[in-house]
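Q: Numbering (the numbering used here), first residue to last: 41 to 423.
From the three backbone atoms N, C-alpha and C, an ideal C-beta is built for every residue, glycine too.
None of the values given here were measured: they were computed from a predicted structure.
Sharing a structure below in structure tokens format, with a few things to ask.
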Ligand code: FE2
């Protein structure tokens, strides 16, 4: 519980300094406080949405009076003459007056890069447990947030059963491949995924904008020799590239690649995005890496193209390094989910003449998963 010891009006009333009990003070601007006022005229009590626009707040907004009790601060804003009480806890949660020494490629606390040492069993749970136990489901969804990867076991060996995985948290994202798609050997494949070829680790559908942010692959048959699944943390690979070769990291983040798919009648998808995407403040946001659907790259100047290709090659070598890969073989009724903006998946080659391998895949979106997780966390999901 945050307690306020004092509040001072500073900078001619354009800001206040809130002094916390036992912690460094935090400054807040008058315009920020007025915009984030929690009163019923500013925010809907029913849905929490803001009822005003910024133009409803005078640009010259000042704070002319400030008082506290330990659990809240009350401010009067002029020229509106508006008095608003702010809960200490809410202010503390939204402090922005803090030093920022973030390296390019920084990650939120809830995200942890992984390499081959991640034991996939630690992110694996039975599907029926996830469906019936909110606490287990919360932990499994939190693993997707932390590692971009989780596995489910013990599901039915039925076509379409992969939808039960999506039902844990959200909705299927339907594409030209259908609500879900088959991954097995085809005679005239529309995509190399539908052959017995090994596939280099990749993110799916980088030619979409936005990409599907989650993928589920669900096993119905897998009696072939080979055909193991592999996941690789693209964030860990990008950070390794940054540490080994900063210039290479810079090239792959600063220039857009191009991705394209037109392997199906009536479909021509294309997107222009970097292979390693950063937010303006350097947060590592996403990876797009897919040798099959990388188009001609035309957004890199002639002077940088050779270095860009060297960086692309090195990034691929890191992705291919067995030290980065977590491997496992799916049995019928088992599935895995990946954050497709981060974790690459691969398949070892297999001979289609012996045994059979049949997976079904579908896409979904991470915002729905994180929403379900946030609700479970707010509820303190118990067993
Ligand atoms: Fe794939």
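1) For residue 423 and residue 417, what's the separation of their Cα atoms in angstroms?
2) Exposed or buried, residue 94, counting other C-beta atoms within 10 Å across all chains shown (16 or more means buried)?
3) In three-state terms, what does DSSP make of residue 356?
4) Can you say whether residue 41 is buried or exposed, counting buried as having 16 or more other CB atoms within 10 angstroms of its CB?
5) Hey, is the stretch 267 to 287 in contact with the stretch 348 to 367, meaning 3+ C-beta pairs nearer than 8 Å?
6) Which parts of the stretch 169 to 200 are runs of the alpha helix (DSSP H), unbroken and 4 residues or longer, counting only runs that do not cross its ends?
7) Specify the secondary structure class of residue 136 as computed by DSSP and reduced to three states.
8) Can you give me the Cβ contacts of residue 146 inside the same chain, cut-off strictly under 6 Å, excluding the 5 residues immediately before and after it?
9) Based on the DSSP output, what are the partners of residue 284 in its beta bridges?
10) Can you give me the start and stop residues for the beta strand (DSSP E) that residue 375 sits inside?
11) If you measure from the CB of residue 255, is any heavy atom of ligand 1 nearer than 8 Å?
12) Of the choices 265, 383, 309 and 304, whose alpha-carbon is the least far from that of residue 315?
13) Taking the alpha helix (DSSP H) that residue 83 falls in, what are its first and last residues?
14) Shortest alpha-carbon distance to residue 426 belongs to which of 60, 244, 138 and 162?
15) Within 10 angstroms of the Cβ of residue 111, are there 16 or more other Cβ atoms? Answer buried if so, exposed if not.
16) Just how far apart, CA to CA, sit residue 64 and residue 124?
17) Are the CB atoms of residue 144 and residue 318 nearer to each other than 9 Å?
18) So, do the stretch 339 to 350 and the stretch 256 to 271 have three or more beta carbon pairs nearer to each other than 8 Å?
19) Since residue 92 is in the alpha helix (DSSP H), which residue starts that stretch and which ends it?
20) What residue ranges within the stretch 100 to 170 form continuous alpha helix (DSSP H) runs of no fewer than 4 residues, ordered along the chain?
21) Tell me the start and end of each unbroken alpha helix (DSSP H) in the stretch 265 to 353 that is at least 4 residues and wholly inside, in chain order.
22) Compute every distance between the C-beta of residue 239 and the non-hydrogen atoms of ligand 1, then say whether any falls below 8 Å.
23) Using a threshold of 8 Å, is the CB atom of residue 149 nearer than that to any non-hydrogen atom of ligand 1?
24) Indicate, with yes or no, if ligand 1 has a heavy atom lying under 8 Å from the CB of residue 155.
25) Do you know offhand how far residue 194's Cα is from residue 154's?
26) Roughly how many angstroms lie between the CA atoms of residue 296 and residue 379, to the nearest whole one?
27) From what residue to what residue does the alpha helix (DSSP H) around residue 417 run?
28) Going straight from the alpha carbon of residue 257 to that of residue 209, what length do you get?
29) Quick one: is residue 409 buried, meaning 16 or more other Cβ sit within 10 Å of its Cβ, or exposed?
30) Anyone know if the C-beta pair for residue 113 and residue 58 falls short of 9 Å?
A: Quick answer:
1) Any reading at residue 423 must be qualified, since the residue scores a pLDDT of 47, below 50, and its modelled position is unreliable; the value itself is stated next. C-alpha separation (whole angstroms): 13 Å.
2) exposed
3) helix
4) exposed
5) yes
6) 174 to 187
7) coil
8) 322 and 323
9) According to DSSP, which records beta bridges pairwise, residue 284 is partnered with nothing at all.
10) 375 to 379
11) yes
12) 383
13) From DSSP, residue 83 is part of no alpha helix (DSSP H); its letter is neither H nor E.
14) Outside the modelled stretch of the chain, which goes from 41 to 423, sits residue 426, for which no answer is possible.
15) exposed
16) 24 Å
17) yes
18) no
19) Counting along the chain, residue 92 falls outside any alpha helix (DSSP H), and DSSP gives it neither H nor E.
20) 128 to 133
21) 274 to 284 and 286 to 294
22) yes
23) no
24) no
25) 25 Å
26) 21 Å
27) 406 to 419
28) 16 Å
29) buried
30) yes
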